[in-house]
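See structure below.
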Amino acid sequence: MSDFLASMQRSSEARCAEARGARPLSELESRTADMPPPPALRAGFDRFDIIAEIKRHSPAEGALADDDNVPHAIAKRALAYARGGACAISVLTEPSRFGGDLTHVSVASAAVESQGVPVMRKDFLVDPYQLYEARAAGAGGALLITRMLSDAQLSEMLDVADALGLFILIEAFDADDLARSQDLALKRERRPLVGINTRDLTTLDVDPERLATHAPLFDHRLLSVAESGVANAQDACRIVGLGYRLALVGTALMRARLPTAFLESMLTIARSSGIYPEPGHG
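The opening residue of the sequence shown carries number 2 in my numbering; numbering runs sequentially from there.
Right under this line is the structure:
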């Protein structure tokens, strides 16, 4: 594990312990039991979709937002993404390096409730408690990082996510991660998304060629996600050609002056660029 990922894991463990002390699991279980199901993730094998990301800061890119009224800015951006056609909205909740907070999930979820678009908690999650936190905050999905979790931990987290009605994106960084992720995913009745992140965890640089390298390794029974390195419609068309069903797009959307139009254009152009094979073929 890289120094960056190890530091994020330690930070997440400390945040989780602090949260447990302030709000016991039983309280979250009671809260989530009374909530209606979250919006379903509308993504499939027959078209290209985008998970649009809200992140206020990037360790590699620096500040991506400097709004005075943060809740208003998050709500406005979440709604812009939903109106632009995002199948889900990813919200960074890691505070020290990404400027996130769990309340940002609540704000985004409330803003797009009428749109039927789920919000995904993106963080360095290490404990099932954090999935209960996510659902209690209004999330409909969450990201799990294979390299940070054992197979047993991943299976437990997936079980909890299923019980809470959360969709899961499992994130891999290399071929070994991808093999582990897919082995676990294919054993599930409710299969998670599986993604490859093109960011080097040591340098934090993006290598878009990692998408081409790993594309042949994906099992086409799973919805594949290209993470990082998708900056424009040309990039989106390229990953459609590689067979990816979804892209997670963050920095480019955060920097877009008109995020709704930017997202609409990217989806329209990418969807017209190719036809996917049937699941399990190609």
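Using N, Cα and C, we set each Cβ at its ideal position, and we do this for glycine too.
Since I believe residue j is in contact with residue i (beta carbons under 8 Å), could you give me their beta-carbon distance rounded to a whole number of angstroms?
i    : j    : result
G100 : R57  : 4 Å
A140 : V113 : Rounded, the Cβ-Cβ distance is 12 Å, inconsistent with contact.
I90  : M121 : 7 Å
L205 : A61  : 4 Å
R148 : L6   : 6 Å
T199 : V207 : 5 Å
L259 : Y133 : Wrong, their Cβ atoms sit about 36 Å apart, outside the cutoff.
Tell me residue i's beta-bridge partners as DSSP assigns them.
i    : result
G196 : E172, V226
R122 : V92, A143
L249 : I52, E228
R207 : Before going on, a small fix: residue 207 reads as Val here, not Arg. BP columns for V207 point to R200.
Alpha carbons only, please: which of the options is nearest the one belonging to residue i?
i    : options                : result
I240 : D124, F125, S273       : S273
G166 : Q10, L42, R11, N233    : L42
L170 : H73, K123, S107, P209  : K123
F219 : D4, L194, I52, A109    : L194
D152 : R211, L205, D184, A76  : D184
R136 : C88, S110, V226, Q154  : S110
L223 : R246, D206, D208, M267 : R246
L144 : A87, I197, A262        : I197
L26  : A232, E54, Y130        : Y130
V201 : A257, D175, L132       : In the sequence as presented, Val is not what sits at residue 201; that position holds Asp. Cα-wise, what sits closest to D201 is D175.
L65  : E265, L80, L254        : L254
G242 : G275, E228, H221       : G275
A87  : V108, S229, I51        : I51
R78  : T269, T252, Q154, I270 : T252
A227 : P60, D67, V250         : V250
G117 : L29, L80, S225         : L80
E265 : D67, E54, G85          : G85
R11  : L150, A53, V207, P217  : L150
E95  : D177, M9, L132         : M9
E210 : S229, A257, A76, V92   : S229
E190 : A232, F168, D177, D178 : F168
H361 : C238, A138, L187, T203 : Residue 361 falls outside the range modelled here, since the chain spans only 2 to 283, and no answer is possible.
I142 : D163, Q154, A76, R48   : Here residue 142 turns out to be Gly, not Ile, going by the sequence shown. It is D163.
F49  : A232, F125, S225, D177 : S225
Using a Cβ-based criterion (distance less than 7 Å to any ligand heavy atom), does residue i qualify as near the ligand NAP?
i    : result
S229 : With respect to the ligand NAP, the structure shown offers nothing to examine, as it has no ligands at all.
Complete beta strand (DSSP E) runs within the segment 23-104 (minimum length 3 residues, chain order): Runs found: 50-55, 89-93.
Touching by the beta-carbon criterion (3+ pairs, under 8 Å), the segment 12-27 and the segment 151-159: Not touching, per the Cβ criterion.
If you pair each beta-carbon of the segment 69-86 with each one of the segment 27-39, do three or more pairs fall below 8 Å? Verdict: no, contact absent.
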